[in-house]
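Protein chains: 4
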Amino acid sequence: MGKQRLGFLSDFVEAITRRKRGGEAETLKALARPASERARVACAVLMGRIGDAARVAVAEQALSAYAELDAEERLAFFRSLRDDHGVDADAIRAAYAAWDAQPDAAGVAHLFEVVEPARQTLLRRLNMAPGATLRLVRMRQDLLAAMRVDPDLAPIDPDFAHLFASWFNRGFLTMRRIDWNAPAAILEKLMEYESVHQMQGWPDLKRRLADNDRRLYAFFHPATGDEPLIFVEVALTQGMPDAIGPILTAPDAREPAAADTAVFYSINNSLPGLKGVSFGNFLIKQVVAQLSADLPELRCYVTLSPVPGFAAWLATQDDAAELRGALAGGWDDDAVDALRPQVLAWGARYIAQAKARGGLPADPVARFHLGNGACAHRLNWPADLAPSALKSAHGLMINYLYELDRIEDRHEAFVRDGEVALGAQIAEALKA
Amino acid sequence: MGKQRLGFLSDFVEAITRRKRGGEAETLKALARPASERARVACAVLMGRIGDAARVAVAEQALSAYAELDAEERLAFFRSLRDDHGVDADAIRAAYAAWDAQPDAAGVAHLFEVVEPARQTLLRRLNMAPGATLRLVRMRQDLLAAMRVDPDLAPIDPDFAHLFASWFNRGFLTMRRIDWNAPAAILEKLMEYESVHQMQGWPDLKRRLADNDRRLYAFFHPATGDEPLIFVEVALTQGMPDAIGPILTAPDAREPAAADTAVFYSINNSLPGLKGVSFGNFLIKQVVAQLSADLPELRCYVTLSPVPGFAAWLATQDDAAELRGALAGGWDDDAVDALRPQVLAWGARYIAQAKARGGLPADPVARFHLGNGACAHRLNWPADLAPSALKSAHGLMINYLYELDRIEDRHEAFVRDGEVALGAQIAEALKA
Amino acid sequence: MGKQRLGFLSDFVEAITRRKRGGEAETLKALARPASERARVACAVLMGRIGDAARVAVAEQALSAYAELDAEERLAFFRSLRDDHGVDADAIRAAYAAWDAQPDAAGVAHLFEVVEPARQTLLRRLNMAPGATLRLVRMRQDLLAAMRVDPDLAPIDPDFAHLFASWFNRGFLTMRRIDWNAPAAILEKLMEYESVHQMQGWPDLKRRLADNDRRLYAFFHPATGDEPLIFVEVALTQGMPDAIGPILTAPDAREPAAADTAVFYSINNSLPGLKGVSFGNFLIKQVVAQLSADLPELRCYVTLSPVPGFAAWLATQDDAAELRGALAGGWDDDAVDALRPQVLAWGARYIAQAKARGGLPADPVARFHLGNGACAHRLNWPADLAPSALKSAHGLMINYLYELDRIEDRHEAFVRDGEVALGAQIAEALKA
Amino acid sequence: MGKQRLGFLSDFVEAITRRKRGGEAETLKALARPASERARVACAVLMGRIGDAARVAVAEQALSAYAELDAEERLAFFRSLRDDHGVDADAIRAAYAAWDAQPDAAGVAHLFEVVEPARQTLLRRLNMAPGATLRLVRMRQDLLAAMRVDPDLAPIDPDFAHLFASWFNRGFLTMRRIDWNAPAAILEKLMEYESVHQMQGWPDLKRRLADNDRRLYAFFHPATGDEPLIFVEVALTQGMPDAIGPILTAPDAREPAAADTAVFYSINNSLPGLKGVSFGNFLIKQVVAQLSADLPELRCYVTLSPVPGFAAWLATQDDAAELRGALAGGWDDDAVDALRPQVLAWGARYIAQAKARGGLPADPVARFHLGNGACAHRLNWPADLAPSALKSAHGLMINYLYELDRIEDRHEAFVRDGEVALGAQIAEALKA
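In order, the protein sequence lines correspond to chains P, Z, B and F.
Residue numbers for the first sequence follow UniProt numbering, so the first one is 1 and each next one is one higher.
Residue numbers for the second sequence follow UniProt numbering, so the first one is 1 and each next one is one higher.
Residue numbers for the third sequence follow UniProt numbering, so the first one is 1 and each next one is one higher.
Residue numbers for the fourth sequence follow UniProt numbering, so the first one is 1 and each next one is one higher.
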């Protein structure tokens with residue numbers, strides 16, 4: 001942004017930065033300009049020649065104005081991020097030429113500097129405002145939505161992703177166990193964010209936090225305070241469960257002493273704006289470590305997971321038409337016994353053979369757990385009779401097994417060779 | 001790092017990542033290889049194809065091995081950072097060519113990706129280990145020392161600086177007041193880090209924290225825990241002080257109610273490894289805000305600052321030979337009265353006219369406060385009789401004045417035109 | 001308890017106090033004796049010659065055994081407290097004779113010692129067990145129930161009351177504001193303990209904690225942890241409210257800035273076992289101080305209180321037969337206007353003239369607030385249409401006004417002369 | 001205090017209790033009366049007919065005025081406590097007569113009520129002021145000093161002792177480990193209160209808190225906040241130590257893993273005003289429990305204790321004249337070997353046979369540990385060469401051994417039969 005244009009904006013700058021001591025701030029808002037203009041101008045000022053300390057106030061102005069934008073105005077805001085806060089093409093060309101002539105580390109450092117889009121600096125400066133980090137995460141959530149309307153906005157997403165990966169580095173996260181002594185304000189968020197097996201109000205929530213046979217762990221980040229970034233719900237059971245119903249409806253009675261199994265039955269990412277920043281693998285690993293220390297009698301760490309893509313995939317399989325028909329009707333016990341072998345066979349094929357782009361498993365939950373080094377241990381049917389689960393997976397669920405001494409081997413085989421580790425039952429079903 | 005080399009290193013990888021459950025970790029250390037090799041290999045493994053969660057342990061191995069290195073080995077380690085974790089020149093050329101052919105945002109995003117040296121990713125991954133952030137800050141401190149031995153290491157410093165600027169973003173910092181109820185472990189660090197006016201043991205420290213007329217504020221970062229990154233010491237006084245002695249030796253007695261002035265008499269950056277990451281301006285601003293809220297009767301925010309470059313500069317001024325001679329001897333009260341006009345005149349010239357590269361003031365403390373929008377308000381002589389202050393500044397000190405409603409104007413005038421705001425006394429002395 | 005009997009009980013003593021190191025405690029319970037016997041014996045042991053430190057474990061045994069008792073067994077336990085842990089009559093006679101002969105302070109000190117029933121020592125020793133204080137408060141709740149069955153147990157209640165008054169001294173209590181960030185475990189207790197205007201689930205609770213125009217403060221005691229001993233709910237309003245409905249159902253929207261009145265609309269004592277230990281007056285006073293500091297724009301501190309004894313009292317007034325009849329039917333707006341003067345007149349008489357034993361106001365809520373120095377400011381009708389309020393007070397409510405500069409005068413006039421401070425409206429209604 | 005006198009004091013009452021809202025409190029102090037009068041009057045008001053909530057302010061006035069008293073005025077204040085806040089003799093006589101006629105529990109309850117001196121109520125009401133508990137503890141410290149001047153004040157001490165025993169009930173205490181992360185304000189108190197082996201400044205303190213082989217635990221009470229009531233210093237060693245020097249001067253280096261012994265080498269009661277309220281036994285028991293849980297490899301819990309009365313006692317033994325002479329000179333190694341048998345023999349007699357009034361051991365430290373159920377295990381000489389230890393015990397020290405499975409037996413034998421448990425070395429020396 002040239003000197004001239006900043007001159008043109010000087011009344012705004014003055015409004016933002018020059019406050020009468022002890023009095024009310026004269027803000028951009030007071031100038032009665034539209035929020036879209038205020039947001040854009042504040043961003044420009046933020047990139048200009050003001051003192052670092054003054055930037056905190058300007059960043060606040062920018063984020064406040066942004067918060068007032070409607071969907072259409074947000075599109076314009078993101079286009080401005082793309083077009084007004086990108087790179088200086090001439091500077092890139094010059095830096096490249098210099099490096100090309102003398103390709104040393106100093107040249108790279110300079111090239112890196114000019115290739116980094118200005119909006120990364122802008123985002124870092126916006127982040128100076130109080131509570132800014134969470135607001136920027138929500139801004140990216142808006143961007144992801146905006147990209148569905150205007151795919152040409154896509155190139156600015158990597159800048160958000162790049163910064164968030166750095167800010168939400170695993171080293172900055174802290175895991176906390178959440179129980180019934182946690183603040184209600186946090187518990188309320190859990191209810192809102194739980195989407196795998198939705199909570200049926202406070203008594204259900206309380207049950208899931210019961211000390212004797214349930215655990216709930218979440219990652220928090222200092223800059224986003226009491227916002228649980230991701231959380232996992234654990235049931236302590238005897239043996240590996242084959243259906244979700246008993247876990248969700250078990251009364252609060254069993255003693256934990258007898259439990260030998262920790263079941264990860266629900267993992268939820270809370271903030272869509274953190275898409276692509278990986279937390280789940282770290283969380284599972286740390287929860288396993290914590291539980292091992294607290295409850296040495298646990299012998300088995302396993303999930304009870306949905307198979308979200310199964311029904312859609314099955315619908316594409318010509319040979320499965322008859323099975324689909326049978327599943328469409330209601331099942332009595334006899335039907336279940338009769339159908340199970342087929343469901344398991346198709347389920348095994350889906351997990352082991354259905355692939356997405358890049359050769360990874362088609363099922364997103366499978367990709368996650370197999371990528372973490374777990375094994376697709378056992379299919380369960382019928383295991384989830386909730387309407388959504390019936391619709392997406394005909395009620396099929398799966399246990400992924402985390403065997404601590406095999407996790408790295410499996411991870412490597414999965415990443416290197418795309419090898420999917422299978423339990424005996426699934427391997428057997430695959431032969432059918 | 002190619003597949004082959006990772007294969008060659010497989011025993012290391014295995015040692016790091018494959019642990020028997022419940023037993024002792026077999027670590028690289030157990031393999032009895034030199035720390036330098038362990039550090040290098042762990043970094044290689046960290047950049048390879050292991051699971052995210054396993055990286056936490058590998059990062060720990062790398063940092064632990066690094067901690068064992070001596071100065072010579074550290075040089076080698078940093079050269080490896082430079083040479084083994086840089087960029088892929090072919091990838092840069094290809095990405096540049098693609099962008100040059102079609103210069104859009106997607107092309108920039110890709111170019112940015114390949115221009116970012118691999119060591120930034122490495123540093124982010126090292127940061128996954130517990131307590132890693134502080135250890136990386138100390139690693140950069142080592143690097144800064146190493147660069148004095150081998151200037152060719154300089155190009156890797158921007159990568160540290162770049163990440164630290166992002167991690168230590170103002171939005172992630174929290175200001176805390178430190179008083180006598182703070183943990184001794186923190187207070188001990190203050191004593192260690194105070195270098196402007198060194199503390200004379202615990203009673204001196206306690207005096208500087210006294211509730212009635214002293215304050216001490218520090219910035220902390222969640223990832224570096226109880227490490228004060230920067231701290232400022234404040235005295236609450238009646239009127240603007242003209243010497244440091246009375247502040248450092250005043251008994252703990254005065255009541256704060258009568259104070260109308262907050263004197264910032266010592267500002268210390270604790271961690272040399274955070275060089276270039278600006279905290280001071282934010283801290284001063286927030287301390288002013290805090291004090292204004294707590295003590296509304298304060299009317300004046302001012303520093304009592306050293307003039308560290310004055311004596312060295314004066315030694316270069318031919319016209320000042322006589323004054324230098326006079327200052328070299330002892331002063332009685334008569335001599336002080338006689339010399340003061342000359343000292344103030346030369347001091348004013350030094351502050352207002354002596355320039356470093358780039359046209360900024362030669363004095364580093366002046367650069368800082370003037371850059372923050374303060375005014376060089378008043379010179380005081382003799383104001384600091386400590387041997388170090390006599391040597392560096394002939395005992396001269398200066399008050400920089402923070403006038404809240406003029407900070408932004410002065411900042412802008414300083415940045416744009418190099419204009420140095422002067423108080424009446426200094427302006428007068430300049431005419432002499 | 002004589003040596004002989006302790007000898008007889010030696011196996012119990014041994015069971016309680018002699019534990020194999022590192023092994024499981026052999027407890028009284030393991031001896032398979034009935035809980036009633038275990039409780040009684042543990043109390044005897046507690047009063048015997050064991051080491052102080054061992055008493056912690058014995059106290060735990062006694063309280064655990066007590067917790068298993070049914071109502072009938074509790075009666076027997078309390079009789080044992082009365083008969084086995086009382087005083088030594090001979091010792092009293094001797095001490096009295098000595099004091100009577102030489103009535104000095106030393107004689108009183110000795111007499112005091114022997115007159116204090118042994119059960120006070122017993123209760124203090126029981127209080128050594130972890131979490132004992134709350135369990136003893138619940139024990140007294142049981143006692144109060146037992147006294148209704150067997151009034152001869154009454155003489156041991158003063159010992160509980162005496163100790164609780166000392167333990168729950170105002171100086172040991174801490175006031176905390178409870179908001180939506182409080183632990184769910186505490187919030188759940190509030191829902192359980194609120195009996196004046198019962199809460200309709202979590203959304204209702206959340207509304208009552210809303211930051212903008214509601215406050216909730218509670219007293220806590222260090223020994224009873226997260227147990228709110230008493231709490232008061234406050235609404236911040238414009239003007240003095242004349243009905244409870246709008247307060248309980250107002251959506252969470254109003255801004256607090258405009259409020260000039262703090263309305264104490266519900267005060268609840270949580271623990272019946274603390275009957276007679278006064279908290280409410282302290283809590284109101286401290287809440288007023290807190291609100292004054294936080295919200296200087298508040299001008300008026302007032303309650304909106306029930307009149308719980310009004311209907312029962314009115315039923316005893318022969319002249320009120322017609323009014324009672326009218327109130328028994330439903331009211332339309334016209335009826336309300338017609339009836340109001342009569343209701344207010346009778347209400348005023350009830351508040352100002354109906355007396356309980358000792359000449360204090362018959363209405364318990366009136367006794368509390370008038371005793372605190374408040375004024376009976378205004379009657380409101382109809383103000384509470386909840387069935388319970390219709391039944392107990394025909395829907396009548398009252399505002400007690402706390403005028404800070406008149407509280408002590410009014411308190412003194414009330415205590416000394418039984419004078420009831422009345423607002424203009426009530427004074428007027430009284431003339432009717 | 002009669003109505004008349006309260007009438008006479010009405011201006012004081014008014015000054016204390018009637019404050020202009022929002023303005024400065026008009027306090028007794030403002031009336032410019034002497035502190036002694038203000039303290040006495042405030043106590044009278046506190047016992048009069050003011051509202052409970054107003055008592056908080058009056059209690060504050062009383063304690064503030066008390067704090068200004070000099071030693072002489074304190075004597076007068078305590079006499080007033082004795083004479084003006086005692087009992088009503090007529091009421092006692094009447095209550096006694098009633099009980100004597102019908103000696104039931106109700107009669108005892110009433111008698112108890114009138115026999116309790118009014119000053120207990122006064123102390124409870126004083127305790128309502130903020131921070132009052134600690135100030136009352138210090139008031140009793142003054143009283144204990146005053147009793148040395150005027151023994152006739154002794155009868156009021158039991159009232160303090162009685163209340164403190166109730167308030168400082170073990171159930172209200174919390175044990176905290178103090179390490180280098182504790183607030184400096186607490187650590188400073190430790191240095192002040194340590195009187196057994198005085199600390200030589202902050203480095204010595206830091207050494208005693210070192211994580212690897214030292215522990216320090218203290219009891220705190222919620223009402224006295226950060227005041228450590230009692231604390232014990234522990235060294236983790238290999239084997240039982242026979243001299244204090246190595247413990248006090250050992251550099252901070254040894255690893256705790258190898259330690260098999262926990263040595264309680266210093267136990268300090270901080271507040272003389274809590275004389276007679278037993279903490280030490282509870283603290284030792286809880287520290288043993290904590291250490292057992294944290295460091296299961298510990299095999300031995302032992303003290304290294306002074307023998308404070310040894311030299312004074314030895315001076316009374318005619319047969320020991322020669323030994324005393326020998327001890328008076330300096331010792332070389334040969335002398336030590338020659339003298340040791342005699343020192344141990346006399347030491348054994350002192351511990352095992354020297355008795356105070358009531359047949360308890362003459363040595364106060366022996367009384368404490370033997371009363372806790374420890375065994376006098378081993379004498380060590382020379383073990384403490386500090387001048388004070390040479391003077392009081394000729395450098396003798398002793399190990400008391402806490403054997404967990406024998407504590408109760410030993411406690412009982414000690415209390416019942418005065419039996420002193422002796423280790424083999426001491427038993428042997430006794431025969432000499």
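Note that the Cβ used here is the ideal one computed from N, Cα and C, for glycine as well.
Burial state of residue i (16 or more Cβ within 10 Å)
i      : result
B/D417 : exposed
P/K285 : buried
Z/Q353 : exposed
P/T316 : exposed
Z/Q61  : buried
Z/P158 : buried
B/G23  : Residue confidence is low: B/G23 scores 31 on pLDDT, short of 50, so the model does not pin down where it sits. No coordinate-derived value is stated.
F/T249 : exposed
Selection from the options that minimises the alpha carbon distance to residue i
i      : options                           : result
Z/H197 : Z/A321, Z/I267, Z/S292 and Z/D152 : Z/I267
B/A109 : F/A118, F/F168 and F/A145         : F/A118
P/L153 : P/L379, P/S392 and P/R82          : P/R82
P/A161 : P/R208, P/T133, P/L75 and P/D334  : P/T133
F/T298 : F/K189, F/Q200, F/M240 and F/R124 : Position check: residue 298 of chain F holds Leu in this sequence, whereas Thr was assumed. For the residues F/K189, F/Q200, F/M240 and F/R124, the minimum Cα distance to F/L298 belongs to F/M240.
Z/G171 : Z/F282, Z/A362 and Z/L360         : Z/F282
B/A223 : F/A235, F/L173 and F/L163         : F/L173
P/A89  : P/S305, P/V114, P/V58 and P/D52   : P/V114
Cβ pair residue i, residue j closer than 8 Å
i      : j      : result
B/A106 : F/P155 : yes
F/L396 : F/A386 : no
P/L274 : P/F168 : yes
P/A184 : B/W180 : yes
P/L291 : P/A262 : yes
B/A376 : B/V420 : yes
B/M47  : B/L123 : no
Limits of the alpha helix (DSSP H) - the one that residue i falls within
i     : result
Z/S36 : A35 to M47
Z/A65 : D52 to A67
(request) Taking a Cβ distance cut-off of 9 Å, strictly less, list which residues of the region 173-191 of chain Z are near chain D, in chain order. (result) Absent from the structure is chain D; the protein chains it does hold are P, Z, B and F.
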